[in-house]
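Data block below; observations after.
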Amino acid sequence: MEAVKNKTQINDVDRSIYDIKDKVNAAFKTSKGLTFGIVNQISLEKNDPAWMREFRQKALKIYNQLDIPVWGPSLEGLNIEDIVAYVRPNTKLQLKWEEVPEDIKNTFERLGIPQAERTSLAGVGAQYDSEVVYHNVKEEVKRLGVIYTDMESALREHEELVKEHFMKLVTPGDHKFAALHGAVWSGGSFVYVPPGVSVEIPLQSYFRLNAPGAGQFEHTLIIVDKGASLHFIEGCSAPKYNVSNLHAGCVELFVREGARLRYSTIENWSKNMYNLNTKRASVAKNATMEWVSGSFGSKVSYLYPMSILKGENARMEYTGITFAGKGQNLDTGVKVVHAAPNTTSHMSSKSISKDGGCCTFRSAVVMGKEAEGAKCAVSCESLMLDSKSRSDTIPVMDIRNDNVDIGHEAKIGRISDDTIFYLMSRGLSEGEARAMIVSGFAEPIAKELPLEYALEMNQLIRLEMEGSIG
Amino acid sequence: MLLELKEVNKLPVKTFRWLGANKLNINEVIPDIKPFKRVELTGEGVKDIKVTYHNNKESENMPPTGMGDEAAAFICCHKNREMTVTVPRGKKIIEPLFLSYRLDQENPALAEELFLLAEEDSEVTLVITYEGEAGTPLFHGGLIYLMADKNATIHLIQVQLLPDGGIHFSNIGAECKECSKVNITQCELGSSHTVSGIMADLRGNKSELTVDTIYFGDKERSLDFNYVINHYGKNSKSDMKVNGALLNSSRKIFRGTIDFKKGASGSEGAEGEYTLLFDKNIKNVSVPLILCGEEDVSGKHAANSGKIDENKLFYMMSRGLSEGEAKKLMLEAWFHPAVNNIPSEALREQVFQYVKERLNHVESL
Chain G
0 MEAVKNKTQI NDVDRSIYDI KDKVNAAFKT SKGLTFGIVN QISLEKNDPA WMREFRQKAL
60 KIYNQLDIPV WGPSLEGLNI EDIVAYVRPN TKLQLKWEEV PEDIKNTFER LGIPQAERTS
120 LAGVGAQYDS EVVYHNVKEE VKRLGVIYTD MESALREHEE LVKEHFMKLV TPGDHKFAAL
180 HGAVWSGGSF VYVPPGVSVE IPLQSYFRLN APGAGQFEHT LIIVDKGASL HFIEGCSAPK
240 YNVSNLHAGC VELFVREGAR LRYSTIENWS KNMYNLNTKR ASVAKNATME WVSGSFGSKV
300 SYLYPMSILK GENARMEYTG ITFAGKGQNL DTGVKVVHAA PNTTSHMSSK SISKDGGCCT
360 FRSAVVMGKE AEGAKCAVSC ESLMLDSKSR SDTIPVMDIR NDNVDIGHEA KIGRISDDTI
420 FYLMSRGLSE GEARAMIVSG FAEPIAKELP LEYALEMNQL IRLEMEGSIG
Chain Z
0 MLLELKEVNK LPVKTFRWLG ANKLNINEVI PDIKPFKRVE LTGEGVKDIK VTYHNNKESE
60 NMPPTGMGDE AAAFICCHKN REMTVTVPRG KKIIEPLFLS YRLDQENPAL AEELFLLAEE
120 DSEVTLVITY EGEAGTPLFH GGLIYLMADK NATIHLIQVQ LLPDGGIHFS NIGAECKECS
180 KVNITQCELG SSHTVSGIMA DLRGNKSELT VDTIYFGDKE RSLDFNYVIN HYGKNSKSDM
240 KVNGALLNSS RKIFRGTIDF KKGASGSEGA EGEYTLLFDK NIKNVSVPLI LCGEEDVSGK
300 HAANSGKIDE NKLFYMMSRG LSEGEAKKLM LEAWFHPAVN NIPSEALREQ VFQYVKERLN
360 HVESL
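Residue numbers (numbering that gives the first Met the number 0), protein chains in the order written: chain G, 0 to 469; chain Z, 0 to 364.
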């Protein structure tokens, strides 16, 4: 007899907190579109040094020469001529929370950012539209010599350090949206951890895009010097509008010899957002890079954190989950280049698609001639909750050395009736059994996150498993 | 003449351009394609089938092929051998049919089109071998359509043992109706450039497809594969196994796609690709895709690359074999499961002999 296949109702992520729109009260914004004039205007507005002004113009030239990706989800709904590249909120950067204007403060209060700062973070940066409105780092962390500031301040106060690293890892020639970023970037965070310093509690930057039809192009530059360690958390959200918003941020991470960096992201952009973000890490000898990534929001995402393992024994770990619901096409994954002996990488990805959502896991593993003794393991699991949805797995492995060990595994499927049956035979209701299986599916990711983020993620994919059958 | 094909072995969905894995561009000088000597089907079962030597099939009624339309059009345009084999309804042909092509100075280029139709409830096994005279530039291009009607079974075994300098491509399109089975075994062991594409549409409910491939790359050899299995029918099943070895400066790209179309509920697809690596200068690219538009399916893929297991090597050496001998023995064992699909003792022996011969010339062993 054919087993009766029941369905569990899994609700969408509850976005009510994120969707509250604030009145747009911008002090300054550029006109829509992208021209040399607009880029120049941003540069003047931000009082860029001459080299940065020149850099922006060069990047715009490259942007105009490059085409949009021919692979990946459609970008047809994104018209750069309709995007406002720069929106300055009506406040200056504040170092005290009390001085942040009431409306902006309320937004971040709702998102729980100041509370998290008090309880579990060593420092916080908050960006509202194109500018960072609040940045603070705990005294004891500052005393260790750790620099944690907004990119604009870093450009003034640590100009040489910024100049040496800025868009050197992700160059504007990388792809069209990296070039766009180079031309109009604004805001973001800069972190420098001196040699041997271990920052025990995480730093966090939160990016909020409030203005409709705007783009956010924050730049995050982190240097973890020899033997140092850091956990950096990035959170992003925006209210939903009827027009497209664009996020083309750039994250450059330099993990020096023997250092360790964990970079965690919970992305919860609204479903009108095109999230075309570029993240890259350069990992030196004996250093470790860990990516933890949760992608829940956006209409379209192109997100593939890349690690270049350039020093002997460098390590990379990636743990990611993607949840795509109605109207979402989330193309996420990971890239790694093994460019030194005995480098190792481990990638574990999970995805859940429901209600017409589309998840794609896309990866690239490259092992060069120098990667003697390198090891790589990729594991990828996808769960389809209905047949309106899609789930694709597109990995590539390019190996140019015989002395390597590489393994790739992928599985795709639905919740198995046998597993449900087993759990029900142990006394669980069918609804409870399904809830347990989905929670268990996401568990390996949840346990990598700091507690309050794991809670947020669980809230996001708690999935309100009501067990409604049929 | 120039063989120029701009877009072959295309991935069903594109990925990062910098990896160069989305498609293959062929630009090779091949011997002129002139009339090729007549080659007949042999084997006990020939009397039970219908063979014609002119295919008048409308290409739009043919299933799509793994290498794509451009490669199919090239053969349609230049074919110098063509054949339609029909296995009548209800005929189960136990003894295999053989088709053996030998390319030489007189017949250096073969562009073959083969259409194999297994009617309802029939079964057939077809073994095609490609061999050639060493020291002569040779070309083989094949376009093979496999159509399995309801409850029919087709076993296709291709053994490619062309000498160095040969250029070989095999372009297959298969269609499986209800409860039918198509099993394809490819032994891609020879020629300097090998390109192989299979596209199979599992249209019928409970239809099945298996692919069992072995390949062997040494010297400057290049191999480019594109296998695409489309699951349309409910409870359809597919299984791809690809085992290969790369030595010297050989390079290989394997694209394997399982595509579960919406409505293919209850289907299962599995793909396993294992590559043994022997030298520093090899290039090994694997692209195992699973595309899924149906919830109630189970898809799995696994890909592994690496050196021969050192423990096994050590064990065999402790039994008195030299390192080279042990490696050769393990390589033969690696190829065994696919070679065992060949339904002829003599041909199996010939394949092993061919591999041995080739291994004798490998300095690193």
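We treat Cβ as the ideally placed atom computed from N, Cα and C, and that holds for glycine.
According to the DSSP assignment, Ser317 of chain Z belongs to the alpha helix (DSSP H) that extends over Glu309 to Ser317. Among the residues of chain G, those whose CB is under 8 Å from the CB of Glu294 of chain Z are Met383, Leu384, Asp385, Ser386, Ser388 and Arg413, following chain order. With respect to the 9 Å criterion, Tyr191 of chain G and Gly124 of chain G are not classified as neighbours on the basis of their beta carbons.
Restricting attention to Z:Cys186, Z:Ala20, Z:Thr51 and Z:Leu10, the CA atom closest to the CA of Lys282 of chain Z is found in Z:Ala20. In the DSSP assignment, Met272 of chain G falls within the beta strand (DSSP E) that extends over Met272 to Leu275.
Closer than 7 Å at the C-beta level to chain G, one finds these residues of the segment 271 to 291 of chain Z: Leu276, Phe277, Asp278, Lys279, Ile281, Lys282, Asn283, Val284, Ser285, Val286, Pro287, Leu288, Ile289, Leu290 and Cys291. In the structure shown, Tyr205 of chain G falls within a strand segment according to DSSP collapsed to helix, strand and coil. Contact note: Asn359 of chain Z does not reach chain G at a C-beta cutoff of 7 Å; the least C-beta distance is about 20 Å. Using a Cβ distance threshold of 9 Å, Pro62 of chain Z and Asp238 of chain Z do not count as a contacting pair. Not a single C-beta of chain Z is nearer than 9 Å to the C-beta of Thr343 of chain G. Look at Asn303 of chain Z: its C-beta is under 9 Å from a C-beta on chain G. Here Thr148 of chain G is buried: its Cβ has 16 or more other Cβ atoms, across all protein chains shown, within 10 Å. Residues of the segment 7 to 32 of chain Z with a C-beta atom less than 9 Å from some C-beta of chain G are Leu10, Val12, Lys13, Thr14, Phe15, Arg16, Trp17, Leu18, Gly19, Ala20 and Asn21, listed in chain order. Take the alpha-carbon of Leu137 of chain Z and the one of Phe224 of chain Z: they are about 20 Å apart. Runs of beta strand (DSSP E) with 3 or more residues, each lying fully within the segment 24 to 91 of chain Z, are found at 49 to 51 and 80 to 86, listed in chain order. The bridge partners DSSP lists for Met305 of chain G are G:Arg279 and G:Lys334. Membership of Ala434 of chain G in any beta strand (DSSP E) is not indicated; the residue belongs instead to the alpha helix (DSSP H) covering Glu429 to Ala445.
Using beta-carbon distances, His407 of chain G counts as an interface residue toward chain Z, with a partner under 9 Å. When secondary structure is reduced to three states using DSSP, Glu369 of chain G falls in the coil class, being assigned neither helix nor strand.
Nearest to Asn244 of chain G by alpha-carbon distance, out of G:Ser300, G:Leu202, G:Gly293 and G:Ser294, is G:Ser300. Three or more Cβ pairs closer than 8 Å define a contact, and the segment 185 to 203 of chain Z meets that threshold against the segment 153 to 160 of chain Z. For the C-beta of Asn400 of chain G, the chain Z residues within less than 7 Å are, from N- to C-terminus, Lys279. Taking a C-beta cut-off of 8 Å against chain Z, none of the residues of the segment 287 to 299 of chain G qualify.
Nearest neighbour of Thr51 of chain Z by Cα position, chosen from Z:Thr85, Z:Ala337 and Z:Cys175, turns out to be Z:Thr85. Glu267 of chain Z and Asp385 of chain G do not touch by the CB rule: their CB atoms are close to 19 Å apart, not below 8 Å. Here Thr34 of chain G is exposed: its Cβ has fewer than 16 other Cβ atoms, across all protein chains shown, within 10 Å.
Assignment of beta strand (DSSP E) within the segment 348 to 431 of chain G, counting only whole runs of 3 or more residues, yields 357 to 366, 374 to 383, 389 to 398 and 404 to 412 in chain order. The three-state reading of DSSP puts Gln215 of chain G in strand, counting E and B together. One Cα belongs to Ala247 of chain G, the other to Val196 of chain G, and the distance between them is close to 31 Å.
Put simply, the CB of Phe215 of chain Z is far from chain G, with every gap to its CB atoms at 9 Å or more. In this chain, the alpha helix (DSSP H) harbouring Lys175 of chain G covers Lys175 to Val183. Look at Thr106 of chain G here: in three-state DSSP terms it is helix. C-alpha of Glu311 of chain G to C-alpha of Phe216 of chain G: approximately 33 Å in a straight line. From the beta-carbon of His300 of chain Z, the residues of chain G found nearer than 8 Å are Thr392, His407, Glu408 and Ala409. Taking each of Z:Leu245, Z:Gly196, Z:Glu344 and Z:Glu272 in turn and checking the Cα distance to Ala71 of chain Z, the smallest one comes out for Z:Gly196.
Taking a 10 Å sphere around the C-beta of Asp224 of chain G, we find 16 or more other C-beta atoms and assign the residue as buried.
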